[in-house]
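Residue numbers (my numbering): 1 to 389.
Next comes the structure, spelled out in structure tokens:
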């Protein structure tokens, strides 16, 4: 068994160990300081095998290296940045940015202690809309987290948006990790379980199966815990059905979204984070039943002016498919949604109500996700006639 690395030890002539952060799976995590980046704090994860049997040791090393490759693929501002992967003295390490902040488990505990109540509905809505794009990002890259909980979502001190941490169980193509205890009894049917009881969905805990909707389920559990201030075991009845709605009063539309995320059967849940974002947007304007794909006659330049900050899906359509018709229609749909949102804001202002939260479509920088040269490379056949007022 590899011994714990002592504070003050310098790894790879660069990373000075400060303290042990935790152990789990087949690794230890340390806080360290990077002497090549002005002693910036970082996190070193060390591979620590549970067995030195040759066949299991090599398999575990392969999985640790594959995990590093997965982490390297994730480049999102709400996921700790992957810095390095290396081997020293037959020890294997990965390095990521250190997130200085509080977990949402800590934030909830502080709210209950100081204010005597959990997070508000508005706070949880904002929180969900801030973290859903991260799920959308990783799922598009065939990566599952599989261990989403309040302990694995943090709010950095210098940031307003939550970060998804601890991808120690994230495996490309849903790779399973075999422990030493399971190796002798492993067959092609049994799959080891990854996740947390209470937070992980039935298919993950019972069968070891995971899908994008499995992460969605876990995120919904986090949301109801933040809303109620109670752990999952207190929100499920004897038949293992969720009874959280009796514990807190929230908007019925919001509750329906959470219940669909919490469905027992994976196929009955939302299948993508984008579907949830669209459902949330429907809560923000009064014309929720208005069909998309409206007829809008407006020039492309005017369309961009009114949609200064649309969603990244537009750039994905352009970059991946270059489907002019689909991109044109998506832009038109976004325009109508924005018009509806603006109308609702004006109505609320006249009625003396608080302004609604801006839809998710307006929260991302257009130029960041859709470079101008890509836009200009596509010949949108939009009518020049402008009926917009």
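Quick reminder that beta carbons are idealized off the backbone N, C-alpha and C, glycines included.
Can you tell me the Cα-Cα spacing of residue i and residue j, whole angstroms?
i, j, result
"residue 115", "residue 229", "12 angstroms"
"residue 416", "residue 144", "Any answer about residue 416 is impossible in this case: the structure gives the chain only from 1 up to 389."
"residue 120", "residue 227", "6 angstroms"
"residue 132", "residue 91", "36 angstroms"
"residue 42", "residue 282", "40 angstroms"
"residue 94", "residue 219", "26 angstroms"
"residue 78", "residue 97", "11 angstroms"
"residue 266", "residue 258", "14 angstroms"
"residue 34", "residue 44", "10 angstroms"
"residue 56", "residue 63", "11 angstroms"
"residue 183", "residue 60", "Summary for residue 183: the model assigns pLDDT 39, below 50, so the residue's position carries little reliability, and this model does not support an answer."
"residue 139", "residue 216", "10 angstroms"
"residue 196", "residue 9", "33 angstroms"
"residue 166", "residue 243", "29 angstroms"
"residue 106", "residue 209", "29 angstroms"
"residue 211", "residue 151", "21 angstroms"
"residue 16", "residue 102", "23 angstroms"
"residue 185", "residue 251", "Confidence at residue 185 is low in this model, with a pLDDT of 43, below 50, so the placement of that residue is unreliable and no value is reported for it."
"residue 29", "residue 20", "6 angstroms"
"residue 137", "residue 76", "8 angstroms"
"residue 27", "residue 67", "12 angstroms"
"residue 272", "residue 37", "38 angstroms"
Measuring alpha carbon to alpha carbon, tell me which residue in the options is nearest residue i.
i, options, result
"residue 13", "136, 133 and 86", "86"
"residue 158", "99, 93 and 63", "99"
"residue 149", "74, 200, 245 and 71", "200"
"residue 18", "32, 10 and 28", "32"
"residue 124", "264, 216 and 254", "254"
"residue 162", "134, 239 and 3", "134"
"residue 268", "240, 234 and 213", "213"
"residue 154", "104, 280, 273 and 235", "104"
"residue 203", "156, 146, 233 and 237", "146"
"residue 141", "74, 198 and 110", "74"
"residue 130", "249, 164 and 262", "164"
"residue 274", "89, 221, 198 and 128", "128"
Under DSSP, the alpha helix (DSSP H) around residue i begins and ends at which residues?
i, result
"residue 126", "121-140"
"residue 228", "212-228"
"residue 104", "104-114"
"residue 277", "273-283"
"residue 167", "That residue, residue 167, is in no alpha helix (DSSP H); it is neither H nor E in DSSP."
"residue 59", "54-73"
From what residue to what residue does the beta strand (DSSP E) around residue i run?
i, result
"residue 156", "153-156"
"residue 234", "Counting along the chain, residue 234 falls outside any beta strand (DSSP E), and DSSP gives it neither H nor E."
Per DSSP, residue i forms a beta bridge with which residues?
i, result
"residue 42", "32 and 97"
"residue 84", "95"
"residue 20", "30"
"residue 15", "11 and 34"
Measuring only between beta-carbons, confirm whether residue i sits less than 8 angstroms from chain B.
i, result
"residue 49", "Structure shown: chain B not included; a single protein chain is present."
- request: Any chance you could list the alpha helix (DSSP H) runs of at least 4 consecutive residues sitting entirely within the stretch 245-270, in chain order?
  value: 252-261, all fully within the stretch 245-270.
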